[in-house]
Amino acid sequence: MAKKSGHQKKRRFSWRRFFKVGLVYFTLFLAIFGMVDYYAMMAFNFLWFVALAAVLAAVLGYLHVKRGRHDHVDDVADELF
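Numbering that gives the first Met the number 0 puts the sequence shown at residues 0 to 80.
Quick look at the structure:
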């Protein structure tokens, strides 16, 4: 049996791409949560939505950059920023 090579090339984490993609996700979640808050007749504290949008954008931005594939979010991020 042949041994598999354990030396795979590791990609460096791109912080610039992370901030661009994270900002796109943050804007998206902020818009969605803003609509939810509007239709709930401003019953919620909007700062909770901002904090939740920031956490979700950070997590999804990190996962997006680690996955390494180029998709529509990257296109939007490159065009806007």
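Glycine included, every Cβ here is placed at the ideal spot set by N, Cα and C.
CA-CA distance, residue i and residue j?
{"i": "Arg16", "j": "Met34", "result": "27 Å"}
{"i": "Asp77", "j": "Trp47", "result": "29 Å"}
{"i": "Ala56", "j": "Val64", "result": "12 Å"}
{"i": "Met41", "j": "Leu51", "result": "16 Å"}
{"i": "Val72", "j": "Ala30", "result": "16 Å"}
{"i": "Tyr154", "j": "Val54", "result": "The chain is shown from 0 up to 80; residue 154 falls before or after that span and cannot be answered."}
{"i": "Asp74", "j": "Lys19", "result": "10 Å"}
{"i": "Arg68", "j": "Phe80", "result": "19 Å"}
Could you give the residue range of the alpha helix (DSSP H) that holds residue i?
{"i": "Lys9", "result": "From DSSP, Lys9 is part of no alpha helix (DSSP H); its letter is neither H nor E."}
{"i": "His63", "result": "Phe45 to Arg66"}
Out of the options, point me to the one whose CA is closest to residue i's CA.
{"i": "Arg11", "options": "Leu27, Ala39 and Arg66", "result": "Arg66"}
Handout entry: Three or more C-beta pairs below 8 Å linking the stretch 50-68 and the stretch 18-28
Key = yes
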